[in-house]
Amino acid sequence: MKIFKQYIALLQLSLSSLKDRGGSVLVTLIGTACVVGVLISMLSIGAGARAMIMHDARADRVWVLKHGAHGTGDSSLSREAVLSTADMPGVKKDVHDKAMLYGAVFVGVEGRKRIDNARTTFALFGVGAQFPAVHPEFHLTAGRLFRPGLRELIAGKSRHELFKNFEIGDHVRLRGNEWTVVGHFETGGFFDGSLLADAPTVMSVFGISTFNNATLMLQSAAAFDELQAAVRANPSLDVELRPEIPFMREQSKNLSGVLDFVSYFVGAVMAAGATLGAVNSMYAIVDGRKREIATLRAIGFGAWPVILAVLTEAVLLVLPGAVLGALAAWSLFNGDTVSPMGMSFKLTVTSDLVALGVAWALAMGLIGGLLPALRAASVPVASALRAN
Amino acid sequence: MKYLPLIWSGIWRKPGRAVLIFLQILFAFLLFGLLQGFKSGIDQVIAQTRADILIVHSRQSFGQPIPLGHFARIQAVPGVKAVFVQNFLMGSYQFPTQRILADAVDPDLKWLRYPGLEVSRSDLDALIHTRTGALVSATLAQKYSWKVGDRIPLHSNLLQENGSPDWSFDIVGTFRESEHLGLDEAIIISNDYLNEARADKKNTVQHFIVLTDDPKQLAAVAQAVDDLFANSQDETRTEPLREMAQSQFQSLGDINFVVRSVVGAVFFALLFSVGAMMMQSLRERSPELAVLKALGFSDGKIFWIILLEALISCVFAALLGLGCAAAIFPLAKAYLGGLSMPYAVAAIGAGLAVVLALIGAAMPAWRGMRLPVAEALGGR
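In the order they appear, the protein sequences are chains A and B.
In terms of this note's numbering, the first sequence opens at residue 64 and continues consecutively.
In terms of this note's numbering, the second sequence opens at residue 8 and continues consecutively.
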C-alpha cells in the first residue's frame, strides 16, 4: 500500500513537470507515431491482400489439384479426373442432381490501367457451367453470363473499374479472335480481379488439353473426410483435395509473406532507432528531476516506486504517439486500392494491426524507459541534493 | 582545425547520450541506404539494360507460348542482326525448395555474341554436340559443387513424352553473366532436346530475343515483326527489353512512393531527436559556453563550434549507417536479387546528413551565439 501511494505521488510529480520538457516529450511522441504509422501502413498492404483472398473462402468448398502441385499454376487435371471426382460421394448435388463441381483453366491476358495506361497481366479463367452454383457469392452486377461455345467473357468488379476496355459490348482480342464483354460480376473476393469465360471455349481457342484445377462444393464441411477417403481409395485418380480455407491462406502467404517480411523489417529498424531516441529523452527527463527524486528518496521513498513511475511515464508518452500513428495510417491509406502484379485489393487497417502497433509502442516505451528508470532509482541522494 | 579538440570534447561531453544519438542516426541511415539503394539499384539495372534488344512474345500475355516457326520469318526482317530462342523449364533439384530455372536455347555459336553472357567457345561446342547437355551458372556450380561430367536430375511439372516428370542433364560446361540477365541461378540447355522430349507445347517458345543493328530503328523493327503475324492465331507483341524491365518493376507497385514515405517519416522523427538533443546539451553547457565567450571567443565562433559538433557526429554516424547498408546488399542477395547500392545513394545520404545537422543544430547554435555571458556564468 505504501509502495502504491509513493508510486502515485511520484507519477503526479512526473506528469506535472512534463510541460517543462516539451522537447523530450515531442521526440518520444513523434518518434513513436512515425514507427507505428509506417508499420501499420505497410502491414495494411499484406492484410488487404489476405482479406481479399480470404474474403469468401468457405469451409465446405474444396479445390482439386494434381497430386503434389504447389498451386493452380503447376497443376494439370485431365477431363477424366474432373469427371470422376464429380461422381465421388460427399460432393453436393444441385436440384437437377448434377454435381456442384467445375473444371477451371486459366491463361494470362493483358490490360491497361485507366489511370496511367500501365500494362498488367491478369487471369482469364475458363470455368464450367456450375461456377455460379459452386460460388453462391458470385453475382452479376450488369449484363448477362457468357454462353457456352461462344467467345464471350465477363469482367470482375476491380477489373472493369480499374482497367480500360472491359465495358459491356467492348471487344477484347485474344489469340487472333474478338471476344465480347457481355457482363460484369462481383464476388467480393479472389475472382474480382479476373475475367471469366466458358472453359471448353477457352481450351479450344488456346489449344489447352487439360484443366488446371477443379473446384467443388461439399454437402457439408463434415463431408470432406468421406470424399477424401473415396479419392484415396481410387488409385487411378492422381488428385489432391485442398479445403479452400487453408488452401487460400497458403496462397495468400506467397504474396503477403514477402510484404509482411519487408514491413516488419522496416518497422523493426525504425523502432530500434526510435527506442534509442526514447531512451535519450527519458534520460533527459530523469536527469532534470534528479533533485526532486533525491529529496523523495531522502524522506523514505523506495526504489521500486521510482522505477515503476518512470516506466509508467515512458509508456504514457508512447501511447498517444501510437494512437497518432495508427490514426494517420488509417486516415491516409485505409481503403486505398492497389493493384500489384495483376491483382487488386484495398489496403486494410484492421483492429488487429492497430493492436499490434500499440503493442510495439508499449515495448518501445518499456525498453526505452528501463535504463533511465534504473538510473533514477540509483540516484545518489547526498550528491544529487548538493548539486547546483 | 585547432578547435577540433574542443569540438571533440563537446561531442563526448555525455558519452551515453552521444552513443545513443549516434546509433539512432546510424539506424536511420541504414534504413535509408537499404530502401533508397534498392530503388536506385533497380533504376540502375533498367538503365544498364541493352537498348538494342527486342523481345518478341505472344500478344496475349508474356507467358503464352508462340510458335517456333516464327523464327525464320523474324530473322528475315531488315534490321535484325540475330534472333535467339528462349524457352523455360522450371524444375527443382533434390528438394522442392531448391528451384532451378533451365533456360532452353538453340545451341549455336552466335551465343558467344550474346550480350551479358560469358561462355567459352569450347563449352558452347560441347553443348552443341551433347543433346542432354547443360551449361551451369558459376554460382550454381559452386553452390552444389557440380563439375563437368556430372549428371543432374531435375524434377519438373513439365512432363516428358513418356509421362515422367524427372529430367536429367549432363553438365558440359559453365557460364557467367556479366550483366543482370536473371540467369545467375540457372542452367542453359538445348531447346531441341526440350522440344522433342516434352509432352506438351511442342514447337513453341516462350519468346524470341532479337538483337538489332541500330537502337534507333528499334520501333520500326518491332512494328515490322508484329505486322508479320497480325491477324493470325499467334499474334506477337515486340517490345524493347528496357521497356519490359521497366514495366515489370512498375507492376510491383509504387516502390518510389513507399520508399519516399518511409524515408520521410524516419527523417522527420530523427530531426526532432537531433534538435531536442542539441537543445538539451546547450542548456546544460550554458556556463561552459559562457566561459569560452568570456575568454574571448567571438559569437560567430561559438555558432560554428556548435554547428560543427552536430555536423561531425551526424555525418560520421550517417556514413557508418550507409556503410552497413552497402555491406548488407551482397549478404541479402536472395531478397535483393543481386542488386548493389549505387554510389549516388551514399552521396545523397551524406548530403541528407549535412542537412539534418544544419537544421537540427541551427536553433541551438543561434541560441549559443546569443548567450548572455553574465547570466549564463551565474548559472541562471
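All residues carry an ideal CB built from backbone N, CA and C; glycine is no exception.
Buried or exposed: which applies to residue i, given that a residue is buried once 16 or more other Cβ atoms fall within 10 Å of its Cβ?
i      : result
A/K82  : exposed
B/S288 : buried
A/M64  : exposed
B/F7   : This structure does not reach residue 7 of chain B, given that chain B is present from 8 up to 387, and the question cannot be answered.
A/G275 : The identity of residue 275 of chain A in the sequence shown is Asn, whereas the question assumes Gly. Classification for A/N275: buried.
A/D301 : exposed
B/H214 : buried
B/K9   : exposed
B/W153 : buried
B/L116 : exposed
A/W367 : exposed
Pull up the DSSP beta-bridge partners for residue i, would you.
i      : result
A/F408 : A/V401
B/D177 : B/G140 and B/R158
A/T184 : A/E173
B/V361 : Beta-bridge pairing links B/V361 to no other residue.
B/Q167 : B/R205
A/A218 : A/H247 and A/L258
B/M97  : B/L108
B/H77  : Partner(s): none; B/H77 has no beta bridge.
A/E241 : A/R236
Measure from the alpha carbon of residue i to the alpha carbon of each residue in the options, then state which is nearest.
i      : options                           : result
A/N240 : B/F182, B/L134 and B/E242         : B/E242
B/V322 : B/I355, B/L296, B/A334 and B/E382 : B/I355
A/F248 : A/H223, A/V265 and A/D261         : A/H223
B/I388 : B/G40, B/T139 and B/I28           : In the structure as shown, chain B starts at 8 and stops at 387, and residue 388 of chain B therefore has no counterpart that could be examined.
B/R377 : B/A83, B/K308, B/V212 and B/L161  : B/K308
A/V88  : A/M117, A/V342, A/K161 and A/A286 : A/V342
B/E295 : B/L346, B/E192, B/A351 and B/P379 : B/P379
A/M266 : A/P435, A/R142 and A/D350         : A/R142
B/A145 : B/R106, B/I194 and B/D177         : B/I194
B/R290 : B/D306, B/A339, B/M370 and B/M97  : B/M370
A/P211 : A/H198, A/L73, A/G191 and A/S315  : A/G191
B/L188 : B/A351, B/L248 and B/F274         : B/L248
A/G330 : A/V244, A/R214 and A/A422         : A/A422
A/M163 : A/K68, A/T148 and A/A385          : A/T148
B/L161 : B/K154, B/D177 and B/A25          : B/D177
B/E246 : B/V228, B/N263, B/Q240 and B/F236 : B/V228
B/S388 : B/E250, B/S99, B/E192 and B/Q43   : Outside the modelled stretch of chain B, which goes from 8 to 387, sits residue 388 of chain B, for which no answer is possible.
A/L281 : A/G251, A/F188 and A/V154         : A/V154
A/D157 : A/G174, A/H133 and A/H198         : A/H198
B/R5   : B/V212, B/V112, B/Q101 and B/S127 : Given a span of 8 to 387 for chain B in the structure shown, any question on residue 5 of chain B remains unanswerable.
A/Y460 : A/V369, A/K161, A/M105 and A/D255 : The structure shown does not extend to residue 460 of chain A, since chain A spans only 64 to 451, so no value can be given for it.
B/V298 : B/L134, B/M285, B/L346 and B/L384 : B/L384
A/A286 : A/A424, A/V235, A/F67 and A/P152  : A/P152
B/L329 : B/A364, B/F36, B/K208 and B/G358  : B/F36
B/L2   : B/L11, B/Q31, B/G23 and B/P22     : The requested residue 2 of chain B does not occur in the structure, where chain B is confined to residues 8 to 387.
Taking only heavy atoms of the ligand SAH into account, decide whether any of them is closer than 8 Å to the Cβ of residue i.
i      : result
A/R295 : For the ligand SAH, the structure offers nothing, since it holds no ligand at all.
Spatial neighbours of residue i within its chain, please: C-beta separation below 7 Å, excluding the five flanking residues on both sides.
i      : result
B/Y200 : R138 and T139
B/K88  : L218, T219 and D220
B/S185 : G123 and E125
B/L42  : V266, V269 and V270
B/M285 : A317, G367, A368 and P371
B/L13  : I312
Using a Cβ-Cβ cut-off of 8 Å (strictly less than) and excluding sequence neighbours within five positions of residue i, which residues of its own chain qualify?
i      : result
A/A122 : A284, P306, E307 and I308
A/M311 : I116, M117, A120 and F253
A/E355 : L76 and S80
A/T135 : W126, L128, A167, F169, N275 and N276
B/A25  : I18, W19 and S320
Could you name the residues of the same chain whose beta carbon sits closer than 6 Å to that of residue i, not counting the 5 residues immediately before and after it, in chain order?
i      : result
B/L91  : First, the residue type needs correcting, since residue 91 of chain B is Phe and not Leu in the sequence shown. I216, listed in sequence order.
B/A252 : I53 and T56
A/S221 : D255, G256 and S407
Within 9 Å of any Cβ in chain C, is that where the Cβ of residue i sits?
i      : result
B/F215 : Absence of chain C from the displayed structure is noted, the protein chains being A and B.
Touching by the beta-carbon criterion (3+ pairs, under 8 Å), the stretch 371-387 of chain A and the stretch 424-433 of chain A = Flag = yes, the stretch 371-387 of chain A and the stretch 424-433 of chain A touch.
Touching by the beta-carbon criterion (3+ pairs, under 8 Å), the stretch 15-26 of chain B and the stretch 312-320 of chain B | A contact exists between the stretch 15-26 of chain B and the stretch 312-320 of chain B.
Looking at C-beta atoms only, is the number of pairs between the stretch 405-412 of chain A and the stretch 105-113 of chain A that lie closer than 8 Å three or more?
-> Yes, they touch.
Looking at C-beta atoms only, is the number of pairs between the stretch 61-70 of chain B and the stretch 162-182 of chain A that lie closer than 8 Å three or more?
-> Because the criterion of three Cβ pairs below 8 Å is met, the stretch 61-70 of chain B and the stretch 162-182 of chain A touch.
Say whether the stretch 288-296 of chain A touches the stretch 252-269 of chain A, bearing in mind that this needs 3 or more beta-carbon pairs closer than 8 Å, one atom from each stretch.
-> With contact defined as three or more Cβ pairs closer than 8 Å, the stretch 288-296 of chain A and the stretch 252-269 of chain A are not in contact.
Touching by the beta-carbon criterion (3+ pairs, under 8 Å), the stretch 196-212 of chain B and the stretch 164-173 of chain B = At 8 Å Cβ cutoff, the stretches touch.
Is the number of C-beta pairs between the stretch 312-320 of chain A and the stretch 138-158 of chain A that are closer than 8 Å three or more?
-> Flag = no, the stretch 312-320 of chain A and the stretch 138-158 of chain A do not touch.
For the stretch 75-88 of chain B and the stretch 231-241 of chain B, state whether three or more C-beta atom pairs, one from each stretch, are separated by less than 8 Å.
-> Yes, since at least three Cβ pairs between the stretch 75-88 of chain B and the stretch 231-241 of chain B fall closer than 8 Å, the two stretches touch.
Does the stretch 352-371 of chain A touch the stretch 435-445 of chain A, meaning 3 or more C-beta pairs lie closer than 8 Å?
-> Verdict: yes, contact present.
Touch test, the stretch 93-104 of chain A against the stretch 386-402 of chain A, Cβ-Cβ under 8 Å, three pairs minimum = Yes: at least three Cβ pairs fall under 8 Å.
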